[in-house]
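Shown next, in structure tokens, is the structure this report addresses.
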Amino acid sequence: MPKVTYTSVGGDVDVLEGNIGDSVMEIAVRNGLPGIVAECGGSLACSTCHVFVREEDLAGMAAMGELEDEMLDGTTQERRCNSRLSCQLKLEADVHVYIETPESQV
Ligand code: FES
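Under this note's numbering, read the sequence shown as residues 5 to 110, first letter to last.
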């Protein structure tokens, strides 16, 4: 099973398991994780699923699309080089990825 470790700004750590094909956002929302709002439910229309991906995990993620790239310029917390929208991060293998959630999403 794919696994995601989510770390909040305050240092809270949650390790959650998902299914192959789940997105990092879906696993968080399904488990009621604070820090990922996902207002649009994953249709790439809200930017409230912004996360920071551990550098070494970025290469294993699907490439960023043009719309995601544009939307990351409008997030509440300033974009970093490892910013992604978690609804676009599908876990297609039995991986363990590390995610940091921003201070706020809205
Ligand atoms: S959930 Fe809305 S853009 Fe990701």
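Beta carbons: idealized from backbone N, C-alpha and C, even for Gly.
Review point. Mind checking Asp98: buried by the 16 CB within 10 Å criterion, or exposed?
Key: Translated into the one-based positions of the sequence shown, residue 98 becomes position 94. Label assigned to Asp98: exposed.
Review point. Quick one: Cα of Gly39 to Cα of Val55, how far?
Key: Residue mapping note: residue 39 aligns to position 35 of the sequence shown, counting from 1. Residue mapping note: residue 55 aligns to position 51 of the sequence shown, counting from 1. Answer to the nearest angstrom: the Cα atoms are 9 angstroms apart.
**Study point:** Through-space distance from Ile31 to Met65, alpha-carbon basis
**Key:** Along the sequence shown, read from residue 1 onward, the residue named residue 65 stands at position 61. Along the sequence shown, read from residue 1 onward, the residue named residue 31 stands at position 27. The straight-line gap from Cα to Cα measures roughly 16 angstroms.
Exercise for review: Consider the C-beta atom of Met29 and the heavy atoms of the ligand FES; say whether any pair is separated by less than 7 angstroms.
Suggested key: Locating residue 29 in the sequence shown gives position 25, counting from the first residue. Yes, the beta carbon of Met29 sits closer than 7 angstroms to at least one heavy atom of the ligand FES.
Practice item. Please look up how many angstroms separate the CB atoms of Thr80 and Val33, rounded, as I've assumed it's under 8 angstroms. Key: Here the question's residue 80 lines up with position 76 in the sequence shown. Here the question's residue 33 lines up with position 29 in the sequence shown. Contact flag wrong, Cβ pair sits at about 18 angstroms.
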